[in-house]
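Enquirer: The sequence shown begins at 1 in the UniProt record's numbering and counts up one residue at a time.
Using N, Cα and C, we set each Cβ at its ideal position, and we do this for glycine too.
Quick caveat: nothing in here was measured; it's all calculated off a predicted structure.
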Amino acid sequence: MLSPRQGLLRPVGCGVEELRRRRREREAALRRARREQQLVSKRLLRDDTPEEAEGGCVASILGEAEIQQFLWLAQRGTEEKEREGALVSLRRGLQYPETQQTFIRLEGSMRTLVGLLTSNHALLQLEAARCLHELSHSEQSEVAEACLPATSYLLTYLAGHSSDLIELCLYTLGNLIVESEAGRRQLLPQGIVPALASCIQSPHLPVLEALGYALSQLLQAKEAPKIIIPSVLASSIPQHMLRLLQPGPKLNAGVAVEFAWCLHYIICSQVNNALLITHGAVSTLGLLLLYLAGSVQSSEDAGLELLVCPVLRCLSNLLTEEAVEAEGGQVQLREERVVVSVFILLQFLLQKHPSLLPEGLWLLNNLTANSPSICTSLLSLDLIKPLLQLLPVSNVVSVLVLTVLCNVAEKGPAYCWHLWPGPLLSSLLDTLALSDTEVVGQSLELLQLLFLYRPEAAQAFLQQSGLQALKRHEEEAQLQDRVLALQQTALHR
Numbered sequence: 001m002l003s004p005r006q007g008l009l010r011p012v013g014c015g016v017e018e019l020r021r022r023r024r025e026r027e028a029a030l031r032r033a034r035r036e037q038q039l040v041s042k043r044l045l046r047d048d049t050p051e052e053a054e055g056g057c058v059a060s061i062l063g064e065a066e067i068q069q070f071l072w073l074a075q076r077g078t079e080e081k082e083r084e085g086a087l088v089s090l091r092r093g094l095q096y097p098e099t100q101q102t103f104i105r106l107e108g109s110m111r112t113l114v115g116l117l118t119s120n121h122a123l124l125q126l127e128a129a130r131c132l133h134e135l136s137h138s139e140q141s142e143v144a145e146a147c148l149p150a151t152s153y154l155l156t157y158l159a160g161h162s163s164d165l166i167e168l169c170l171y172t173l174g175n176l177i178v179e180s181e182a183g184r185r186q187l188l189p190q191g192i193v194p195a196l197a198s199c200i201q202s203p204h205l206p207v208l209e210a211l212g213y214a215l216s217q218l219l220q221a222k223e224a225p226k227i228i229i230p231s232v233l234a235s236s237i238p239q240h241m242l243r244l245l246q247p248g249p250k251l252n253a254g255v256a257v258e259f260a261w262c263l264h265y266i267i268c269s270q271v272n273n274a275l276l277i278t279h280g281a282v283s284t285l286g287l288l289l290l291y292l293a294g295s296v297q298s299s300e301d302a303g304l305e306l307l308v309c310p311v312l313r314c315l316s317n318l319l320t321e322e323a324v325e326a327e328g329g330q331v332q333l334r335e336e337r338v339v340v341s342v343f344i345l346l347q348f349l350l351q352k353h354p355s356l357l358p359e360g361l362w363l364l365n366n367l368t369a370n371s372p373s374i375c376t377s378l379l380s381l382d383l384i385k386p387l388l389q390l391l392p393v394s395n396v397v398s399v400l401v402l403t404v405l406c407n408v409a410e411k412g413p414a415y416c417w418h419l420w421p422g423p424l425l426s427s428l429l430d431t432l433a434l435s436d437t438e439v440v441g442q443s444l445e446l447l448q449l450l451f452l453y454r455p456e457a458a459q460a461f462l463q464q465s466g467l468q469a470l471k472r473h474e475e476e477a478q479l480q481d482r483v484l485a486l487q488q489t490a491l492h493r
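1) Leaving aside the five residues before and after L318 along the sequence, list all residues of the same chain whose C-beta is less than 8 Å from its C-beta, in chain order.
2) Under 7 Å between the Cβ atoms of Q239 and H279?
3) Can you give the beta carbon distance from S465 to V439, rounded, assuming they're within the 8 Å contact cut?
4) Measuring alpha carbon to alpha carbon, tell me which of P230, K222, G174 and R185 ends up nearest E209.
5) Closer than 7 Å by C-beta to L94: which residues in its own chain qualify, once you throw out the five before and the five after it? Chain order, please.
6) Just to confirm my understanding: we take P194, look at its own chain, exclude 5 residues before and 5 after, and list those with CB closer than 8 Å. What are they?
7) By Cβ distance, which residues of its chain are closer than 8 Å to L350, with the 5 residues on each side in sequence left out?
8) Taking 6 Å as the limit between beta carbons, can you name the residues of its chain near P4, skipping five residues before and five after?
9) Here's the rule: buried if 16 or more other CB atoms are within 10 angstroms of the residue's CB, otherwise exposed. What is E127?
10) Confirm, please, whether the CB-CB distance from L233 to Y265 is below 7 Å.
11) Buried or exposed, going by whether 16 or more other CB atoms sit within 10 Å of the CB of E474?
12) I'd like the list of long-range same chain contacts for A457, defined as Cβ closer than 7 Å, with 5 residues on each side in sequence excluded.
13) Report the option in S443, T489 and P455 whose CA atom is closest to the CA atom of V401.
14) Could you check how far apart the C-beta atoms of L106 and A86 are, in whole angstroms? I think they sit under 8 Å.
15) Whole alpha helix (DSSP H) runs in the stretch 141–177 with 4 or more residues, listed along the chain?
16) Rounded to a whole number of angstroms, what is the C-alpha to C-alpha distance between R184 and V408?
17) Could you check which residue in Q140, H137 and V340 has the C-alpha nearest to that of C375?
18) Using a threshold of 7 Å, state whether the C-beta atoms of S316 and L363 are closer than that.
19) How many Å lie between L479 and G441 at the Cα?
20) Applying the criterion that 16 or more other CB atoms from any shown protein chain within 10 Å of the CB defines a buried residue, is G63 buried or exposed?
21) Just to confirm the assignment, what range does the alpha helix (DSSP H) spanning N365 have?
22) Which of helix, strand or coil does DSSP assign to H264?
23) Between which residues of its own chain and V311 is the CB-CB distance below 7 Å, once the five residues before and five after are set aside?
24) Would you mind reading off the limits of the alpha helix (DSSP H) that contains E321?
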């Protein structure tokens, strides 16, 4: 275990506290920028049975007369098969935007469909729900708005016994929530949050996955931080979400992915992250991180790789909360296993999803920022070289790698002792040859820390034409002060 020594710094150039302040300001801006929401999306369930295909139920655009005929047959047909078949034909026709527009313009059509939804005939009810689901998936906002009279019934059926109907209602509600503020205003007083809290205890995995989707749509609404998320946090939903994210043989990838994104949206809102921490969110996510690292190493990850991004984001953002320290949440994370897991995931992302590398590095940044023990693990496991190998990937990756190294260097002389000699100095000289001001600026700050704590590194820098490398940035307004400060530090060591 390394123990940083206290030391006096000469008042030359830029001090450690000033460097720390600058980086914390930039990191705060980055955190704000990373609270972006996912793009609006809708889900569509289509499960045409072989019988439908064999029966010649070919989807086609329907006119007013055909729609009226199918609705009349569904209501008044003499045989059950005939009534169900009429709704199947209507539902298949509603796959077309032209039919959808005709349907909502036709007087009484929605009222009739809602009536069929509330019938006592289970199969008719299910087919009517499928018709509504087709309409809810429409890209035309007026079509989705026309479905709003059905929302109270969709909510009521969430408490029913048919898991197929519950799943369908959840996806339909999720589609209606996503772009209709009027729909959300209508659903909240109707009790959508209590209804979702009840559904989350379902033993049916398709229901839970559908619930995660509907909830994630609700949590992304622009009014969510003020109106929706406080209500969700006051319910039993957070505890059950964390239960469903517990690693182990019962973890279902589809369910876990949906709820991991839900957790991400709640955390980004910063409404009451302390509550999540008291419920054990950091511990659960930390264990899930270890589990994911093990799963991506095997060829049978069963879709768990989709969990990597939301889990990394959730942990990264929670680690910026003061409540983590107060609750002892980082105790679970101050282990070599966590550092190893992060590097396993970084290697996995480098090979499979390089665009997600910043997610893993952002977590490593937040882990090392205030934890000497994590920095110690990074050094004792000899992980500086693998970290430096990520520098050429992109400018964004370079900045984060250099920020992590700054976190290590600012811990003091004992930590810098392990950073130099080694490949660090030559890597930093390479980054100084780049034109990206953010990458170069971060390199300058790391060199400043290294020179303050390891004067020998400054001498080596000068011997390797370091001053010439700095000269190319002397005229850049954003870098001038830091270049001058580093030149002074290097020449006075």
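Expert: Judging by the given coordinates:
1) The answer, listed in chain order, is I267, N273, L276, I277, A281, V282, L285, V324 and G329.
2) Yes; because the gap between Cβ atoms is below 7 Å, this pair is in contact.
3) That pair is no contact at about 19 Å.
4) With distances taken between Cα atoms, E209 lies closest to G174.
5) Q100, F103, C131, E134 and L135
6) S235
7) Excluding sequence neighbours, L350 sits near L357, L390 and V393.
8) Confidence at P4 is low in this model, with a pLDDT of 28, below 50, so the placement of that residue should be treated as unreliable; the coordinate-derived value is given next. If we look at P4 and ignore the five residues flanking it on each side, its Cβ neighbours are K411, G412 and A414.
9) buried
10) Going by beta carbons, Y265 and L233 fall outside the 7 Å limit.
11) So E474 ends up on the exposed side.
12) W420, L425, L450 and F451
13) S443
14) Going by Cβ atoms, the distance from L106 to A86 rounds to 15 Å, so no, they are not a contact pair.
15) 141–146 and 151–156
16) R184 and V408: Cα-Cα distance of roughly 47 Å.
17) V340
18) In contact: S316 and L363 (Cβ atoms closer than 7 Å).
19) Linking L479 to G441 through their CA atoms gives a straight-line distance of about 6 Å.
20) exposed
21) L357 to A369
22) H264 falls in the helix class under three-state DSSP.
23) Excluding residues within five positions, the ones whose Cβ falls inside 7 Å are A260, L285, L288, L289 and L292.
24) In the DSSP assignment, E321 falls outside any alpha helix (DSSP H) and carries neither an H nor an E.
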